[in-house]
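These notes are about the structure you will find just below.
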Amino acid sequence: MDRDAIAAELLEIEALLQDERLKDENHCALYGAQQALRHILDRDTWHTASQTFYRLDARPIELGSLLVH
0 MDRDAIAAEL LEIEALLQDE RLKDENHCAL YGAQQALRHI LDRDTWHTAS
50 QTFYRLDARP IELGSLLVH
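The structure is reproduced here in structure tokens:
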């Protein structure tokens, strides 16, 4: 795949990401593909990985300290 084809795919993905009817899981998948393609074109666009991990379909929960003071 050459740079022009990658750029064309990025434009198509960006257009799809603007659709508010897109399901969350599809939005996340397209966003990941967009980031990967941007990385191929320009390595400086790659963001460092988050140190926060989530289970699928779960939200982070604030937990108080389990230690007794």
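Counting from 1, position 40 in the sequence shown corresponds to residue 39 in numbering that gives the first Met the number 0; the numbering is continuous, with no gaps. C-beta atoms are modelled at their ideal positions from N, C-alpha and C, and glycine is treated no differently. Values in this document were obtained by computation on a predicted structure and should not be read as measured data.
- By the criterion of a C-beta distance shorter than 8 Å, Leu40 is surrounded in its chain by Arg2, Ile5, Ala6, Leu9, once the five residues flanking it on both sides are discounted.
- Setting aside the 5 residues that flank it on each side, Arg20 has no residue in the same chain whose C-beta is closer than 6 Å to its C-beta.
- Residue range 2-16 is occupied by the alpha helix (DSSP H) that includes Glu11.
- Remark: C-beta atoms of Leu16 and His26 approach each other more closely than 8 Å.
- In the structure shown, Leu21 adopts coil according to DSSP, grouped into three states.
- Apart from the 5 residues on each side of it in sequence, Ile12 sits with its Cβ closer than 8 Å to the Cβ of Leu29, Ala32, Gln33, Leu36 in its chain, given in chain order.
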